[in-house]
Every structure is written in structure tokens, then in C-alpha cells.
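Input: a single structure, listed below in C-alpha cells.
In our numbering, the protein residues as written are 11 to 387.
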């Protein structure tokens, strides 16, 4: 499933915006574009029920690899965070724009020790199936995209490749119920012992959004197909295919937005449970725990209405529906998961539509609170 890399990419986006503001203030007639570089730092905070309060700090070094003034600056971001649940991560995220922004290489190098929960596998699990565990490890992701016509990657179709590797050491599995042994404790689910996955694949996308963080109009399409296997030193062999489509329309009033997102994720047999398709969390089906439902495949559709209210404040209402399954026989109306809710927005940087987000999500199981930066999609 499209991963909720929660605050890491949020802080990268904020830092890029900050650096972009600095660049915009520089007099272009006296400073050659190629020499524009600098460093900025930014603290951040977030909250979800799974993590409780999270605090972190990021730093960004930005620079240009060509002399074209209107291209995005390349950058190297580093961030670290710590939560009330003693979850910790540290990462470095290089992003290089090449050949007049017609190509981009983005990377993730991250270490984390982030206690989480497994609620079993499939669409008929309950809250009582909860099993806590602590995955400790690192991940490396390298993504390359090039515009098919040699234009900016923000104009038209882009194609490229991806390398995805992660290593996990699974620790401290506990069902918190002495009468029951969990799937991880009993080693009865693939991936319960941790291990290494390594895969390579193809990526294609198309993006006409008028804003990267809170679009008023446009479309976004992204597809990934990745093969994992022993030829790449992976301990697990499987395939993953993910499609993500988003569209944005004008609402009933000026600057109101109606938007929807559709996601389909298909993972073949042989994948570790932490690489299953999943639903739940602050991006995919708000109102449920992060990765509340896991299985080989997942389907999701969600919609949101966004409206400015007064000054820098705005409001949103959202609804989502989705399901996970192993085979099509597992799907039924009784297992479809529905969630909805509302939220408040505060424009931290109005000109860039960069918002602080506070959402309340409801589901048949519970209520969830979310605090962070930028929209869910």
C-alpha cells in the first residue's frame, strides 16, 4: 500500500517550501542561479493515537545542479523524531533535479525503531486480535523519473524505475492477553521473524495539479510494479503493484475544492506481513488504526470537501470506503469498511497553501485524532 511516511515527507515538503521562499527573495539580476544554495532547519510536531505526541527536527541543504532559474532546487534533507511511545527514527532524503527538471532522483535512507500493532490478517479481524510488536531496522528506496518528452516532470507523463530494500528485526511481540498467542509470537505469519526484502521495478506517473500540497484543480496518477526476489538478495520473493489516482474540482464556492482518491494495491503470495497491502491511518481510511487491516490486496476510495472559512482557517469533511482481501471470494458487503469525519485547517503559509491539519475520524470501531501538516492526498 502507499506508505504513510507520516512526518518525514511532511517535513521535507515544509523545508523545501521554506527554501523556495528564500530563493524567491534573492535578486536574480545579481546572484547567478547556479550559485543559489543554503541551509535551513525546522522543528515539527504531530499526533495520532498510535504514536501519541511526536516531536522532531529536520534540516535541509538546497542547491541547484543547473543554471535554469525556474527549476526546483535539489536538496538533501535529514530528520529525526521521537514519540511518547518511545518510537524513534532518523533519516536522510536526497532529491536531485537534473537536465532542467526533466529528470529527478529521490532517495530514502532511514533507520527506525517504531513499536506498532498487528490485528491479524484479512477483513474479519477485530480489535481483540491486537498484537503489539517492535520492528527495528532500516530501509533504502531509490526512485528515478524522466519526462517522456524532455519537459519538466511537472508536465506530462514520466517513466522510471525504483529500488526498494528494507531490513526488519521483529522484537517484543505481545498480545497483552495471557490466554492467547499472537501470529507473530507463534511465528505463524510470514515475516514474523523479520528479515530482508529487496526489489526493483518500474514507475510511471502523470501530474497536472496546480499545487503539490493542497491542489484546487488537476489530476494525479501514479503506478508502481516491483519484483522482490533472491536475485536481489531478498529473503522473500513476491510482486507488488500499486495504482493511485486523484482528482480535484472546484466546489460550490470560489476556492472550495471537491476531491477524491482511488487506490488499488496488489501483493502476491510470499510477502512478509509488514509489506502487505493495508488500510487505516491518517492517510488511508481515517478513523481506523494505522494498518488496522492487512492482506495481500486492498481497494480504497475516499472523497473530501475543503472550504475556507475565515482568515487562515478552513474546514473539511471526508468519507472513505475500502476493503482488504486475499482472493475475490473474500469480498462481501459485510466486510466493507466505511469511515468519515471532519477537520480544521490553518494556513501556515497561505501563498503556498501549506496547512496545519487537525482531523477527527470516525469508524464503527472507534474515533481517531490526527494532527500534522498538509492534506491526506
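Backbone N, C-alpha and C define an ideal beta-carbon position, used for all residues, glycine too.
Cβ-Cβ separation, residue j to residue i (assumed contact under 8 angstroms), whole Å
i: residue 303; j: residue 135; result: 7 angstroms
i: residue 67; j: residue 90; result: 6 angstroms
i: residue 75; j: residue 103; result: Residue 75 to residue 103, Cβ: 17 angstroms. No contact.
i: residue 329; j: residue 313; result: 6 angstroms
i: residue 129; j: residue 139; result: 5 angstroms
i: residue 81; j: residue 111; result: 4 angstroms
i: residue 293; j: residue 387; result: 7 angstroms
i: residue 65; j: residue 55; result: 5 angstroms
i: residue 391; j: residue 115; result: Residue 391 is absent from the model: the chain starts at 11 and stops at 387.
i: residue 131; j: residue 210; result: Not quite, the Cβ-Cβ distance comes to about 26 angstroms (not below 8 angstroms), so this is no contact.
Cβ-based neighbour list, residue i, same chain, cut-off 6 angstroms, excluding 5 preceding and 5 following
i: residue 388; result: In the structure as shown, the chain begins at 11 and stops at 387. Residue 388 is therefore absent and cannot be evaluated.
i: residue 300; result: 60, 290, 291
i: residue 167; result: 158, 216
i: residue 185; result: 141, 192
i: residue 213; result: 170, 172, 234
i: residue 272; result: 255, 311
i: residue 113; result: 156
i: residue 388; result: Outside the displayed range of the chain (11 to 387) lies residue 388, so it cannot be described from this structure.
i: residue 250; result: 236, 277
i: residue 219; result: 225, 228, 230
i: residue 393; result: This structure gives no information on residue 393, because the portion of the chain shown stretches from 11 to 387.
i: residue 266; result: 317
Residue i, buried or exposed, once every other Cβ within 10 Å from all chains shown has been counted against 16
i: residue 344; result: exposed
i: residue 196; result: exposed
i: residue 362; result: buried
i: residue 37; result: At residue 37, the pLDDT of 41 sits below 50, so the modelled position is not reliable; the number obtained from the coordinates is stated separately. Classification of residue 37: exposed, given that the 10 Å Cβ count is below 16.
i: residue 339; result: exposed
i: residue 181; result: exposed
i: residue 83; result: buried
i: residue 367; result: buried
i: residue 263; result: exposed
i: residue 380; result: buried
i: residue 137; result: exposed
i: residue 42; result: Low per-residue confidence applies at residue 42: pLDDT is 44, beneath 50, and the placement is therefore not dependable enough to give any value.
i: residue 378; result: buried
CB contact flag (residue i, residue j, <7 angstroms)
i: residue 384; j: residue 223; result: yes
i: residue 252; j: residue 227; result: no
i: residue 151; j: residue 121; result: no
i: residue 298; j: residue 373; result: yes
i: residue 142; j: residue 119; result: no
i: residue 275; j: residue 287; result: yes
i: residue 260; j: residue 270; result: no
i: residue 334; j: residue 133; result: yes
i: residue 370; j: residue 382; result: no
i: residue 230; j: residue 238; result: no
i: residue 208; j: residue 175; result: yes
i: residue 124; j: residue 94; result: no
i: residue 63; j: residue 71; result: no
i: residue 349; j: residue 295; result: yes
i: residue 315; j: residue 332; result: no
i: residue 85; j: residue 105; result: yes
Bridge partners - residue i, DSSP secondary structure assignment
i: residue 318; result: 324
i: residue 168; result: 157, 215
i: residue 253; result: 233, 274
i: residue 365; result: 357
i: residue 55; result: 65
i: residue 123; result: 98, 146
i: residue 378; result: 371
i: residue 88; result: 69, 102
i: residue 312; result: 271, 330
i: residue 242; result: DSSP, once it has assigned bridges, lists no residue as partnering residue 242.
i: residue 176; result: 149, 207
i: residue 307; result: 276, 335
i: residue 128; result: 141
i: residue 181; result: 144
Sequence-distant residues of the same chain with beta carbon closer than 7 angstroms to residue i, five excluded per side
i: residue 354; result: 323, 325, 368
i: residue 375; result: 137, 298
i: residue 268; result: 259, 261, 315
i: residue 309; result: 274, 332, 333
Cβ neighbours of residue i in the same chain (closer than 8 angstroms, five flanking residues each side left out)
i: residue 243; result: 206, 208
i: residue 161; result: 112
Heavy atom of the ligand FAD within 6 angstroms of residue i beta-carbon
i: residue 174; result: Only the bare structure without any ligand can be found here, which leaves the ligand FAD out of the picture.
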